[in-house]
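Beneath this line is the structure, given in structure tokens, with notes to follow.
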Amino acid sequence: GINAEYMGGNHQSLNRALDQRLYFICKRAGQAHWEMPWEERGMDETLADTAERAVRGRASNYIGFCMSGQTPMGHNEVEYPADAQARLGKHGAQVFFMRAYYLSGNSRSGAAEDVEDFKWVPKADLKDHLNPKMWASLEELLLD
Numbered sequence: 021g022i023n024a025e026y027m028g029g030n031h032q033s034l035n036r037a038l039d040q041r042l043y044f045i046c047k048r049a050g051q052a053h054w055e056m057p058w059e060e061r062g063m064d065e066t067l068a069d070t071a072e073r074a075v076r077g078r079a080s081n082y083i084g085f086c087m088s089g090q091t092p093m094g095h096n097e098v099e100y101p102a103d104a105q106a107r108l109g110k111h112g113a114q115v116f117f118m119r120a121y122y123l124s125g126n127s128r129s130g131a132a133e134d135v136e137d138f139k140w141v142p143k144a145d146l147k148d149h150l151n152p153k154m155w156a157s158l159e160e161l162l163l164d
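With the sequence shown counted from 1, adding 20 to any position gets you the working numbering.
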């Protein structure tokens, strides 16, 4: 529904669109697009451990959430541009999407070191914020 926080355009509030499912996205310094939390998987780390570390690293410890399981809800392969392939010695990366559900709290501005800003947005708004290739991978995986 429409309320004062919705009318005021407070995209950091979870109270602004009470009748919609909202998704957490963040804007990291120097990045062209907003992102969902992500991290490279560490050695001896499960995908769920990596996903939890990604959320904590981007949204801070002020937000409570639970993972819906240990297995990914989706997968994508990303091919690096030629210069990145040469620099990294890798053809590309595999991206696994994990589902987590919000429980309580919220992120705070400045709580994560490289995050300039964060928003809670409905699925319909994600395509205007995310990298188009990432949106194409996520569109069918996310609930409205």
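Cβ atoms here follow ideal geometry from the backbone N, Cα and C, with glycine treated the same way. None of the values given here were measured: they were computed from a predicted structure.
Worksheet item: In chain order, which continuous runs of the beta strand (DSSP E) of length 3 or greater are located wholly inside the stretch 74-154?
Response: 83-87, 94-99, 112-117, 120-125 and 135-142
Discussion item. One question on the structure: do W54 and L150 come within less than 8 angstroms of each other, judged by their Cβ atoms?
Written reply: yes
Worksheet item: Can the beta-carbon of C46 be found less than 8 angstroms from the beta-carbon of R78?
Response: The Cβ atoms of C46 and R78 lie closer than 8 angstroms to each other.
Worksheet item: Using DSSP with H/G/I as helix, E/B as strand and the rest coil, what is E60?
Response: coil
Discussion item. Buried or exposed, going by whether 16 or more other CB atoms sit within 10 Å of the CB of V135?
Written reply: Taking a 10 Å sphere around the C-beta of V135, we find 16 or more other C-beta atoms and assign the residue as buried.
Worksheet entry | Supposed close pair F117, G89 - CB separation, criterion 8 angstroms | Cβ-Cβ separation between F117 and G89: approximately 12 angstroms, too far for a contact (criterion under 8 angstroms).
Worksheet item: What do you get for L108, buried or exposed, if any count of 16 or more other CB atoms within 10 angstroms of its CB means buried?
Response: exposed
Practice prompt. Would you mind working out which of E65, R119, G84 and D164 sits nearest T91, comparing C-alpha positions?
Written response: Closest option to T91, Cα to Cα, is R119.
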